[in-house]
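Under UniProt numbering, think of the first position of the sequence shown as 1, with each following residue one higher.
Glycine residues also receive a C-beta, built at the ideal position from the N, C-alpha and C atoms.
Scroll down for the structure; my scribbles are underneath it.
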Amino acid sequence: MTFPSIDDDLAAHLKSIYASYRHTVDIDAKGAFFSPSCYQICRPNPSFAATSRGTIVRYLHEHAAKNNSTTPKKRGFYTIRPLRDAEYEFGTDEQVAPAGFSSALEVRNKAIKEGWFGMRVDLWDERSEDGANNAGDLLVKVQYWWRKEDGVWTQIFHDIVYIGPRDGTEGIDGEILE
């Protein structure tokens, strides 16, 4: 079994849905973009795994609470594009186990069977206006997967591939959006 190819119209639609999600300020309202059974794996920190929308929303609340301190105001940017062939994978068995899967192959087979489509999103912060001094700015690389549920495309799987300092790769994969 193989993944179906994503056409330009669907890619544009998923980009639009993601932009709406990203610009939704209310964290609880963000949950409406996730399937109730949305999964999350975090390759760098497996303890951030999730098996439901509720857990992911809780993580978003916890992260937001940390960012409400007196840290300097940051601007957030992102790129989004369809996954490349080599990115149609789900890490290792050890990385998917905390989300309740026995193997990465199990996730792959589920994705193919249920018609998931994946998009790569790179997100990063900039504290300075010109982006010149990015020391300490965060970069997160995520493979978001969508599934059609009751005629609506919803996020079904978050695969957090990287969380760390900006490494110079941000913004190279497409139009930089805010």
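(message) Does residue 36 come out as helix, strand or coil in the three-state DSSP assignment?
(response) Within the sequence shown, the letter at position 36 stands for residue 36. Here residue 36 sits in strand by DSSP.
(request) Measure the beta-carbon distance from residue 174 to residue 22 and round it to whole angstroms, keeping in mind my assumption that it falls under 8 Å. (result) Position 174 of the sequence shown, counted from the start, is the residue given in the question as residue 174. Position 22 of the sequence shown, counted from the start, is the residue given in the question as residue 22. About 15 Å; that fails the 8 Å criterion.
(request) At 4 residues or longer, and completely inside the stretch 72-96: list those alpha helix (DSSP H) runs for me, N to C. (result) 93-96
(request) Specify whether the stretch 117-129 and the stretch 100-108 touch according to this definition: at least 3 beta carbon pairs, one from each stretch, less than 8 Å apart. (result) no
(message) In this structure, how does DSSP classify residue 55 when only helix, strand and coil are distinguished?
(response) Within the sequence shown, residue 55 is the residue found at index 55, counting from 1. The answer is helix: DSSP assigns residue 55 an H, G or I state.
(message) Quick check on residue 106: does DSSP put it in helix, strand or coil?
(response) To locate residue 106, count along the sequence shown from 1; it is residue 106. Helix, per DSSP.
(message) Closer than 8 Å is the cut-off here; do at least three beta carbon pairs connect the stretch 146-153 with the stretch 48-63?
(response) no
(message) Give me the DSSP bridge partner(s) of residue 158.
(response) Working through the sequence shown from its first residue, we reach residue 158 at position 158. Paired residues: 40, 144.
(message) Just verifying my parser: in three-state terms, what is the DSSP assignment at residue 166?
(response) The residue you call residue 166 lines up with position 166 of the sequence shown. Coil at residue 166, not helix or strand.
(request) Ignore the nearest five residues each way along the sequence and tell me which others in residue 168's own chain have a CB closer than 8 Å to its CB. (result) Here residue 168 refers to the residue found at position 168 when the sequence shown is read from its first residue. So the list is empty, once near-sequence residues are dropped.
(message) Please tell me whether residue 144 and residue 39 are closer than 8 Å, where the distance is taken between their beta carbons.
(response) Here residue 144 refers to the residue found at position 144 of the sequence shown. Here residue 39 refers to the residue found at position 39 of the sequence shown. 8 Å or more divides the Cβ of residue 144 from the Cβ of residue 39.
(request) Using the Cα positions of residue 99 and residue 79, report the straight-line distance between them to the nearest angstrom. (result) Counted from its first residue, the sequence shown places residue 99 at position 99. Counted from its first residue, the sequence shown places residue 79 at position 79. Using only the alpha carbons, I get a separation of about 26 Å.
(message) According to DSSP, is residue 101 part of a helix, a strand, or is it coil?
(response) Within the sequence shown, residue 101 is the residue found at index 101, counting from 1. Three-state DSSP puts residue 101 in coil, outside helix and strand.
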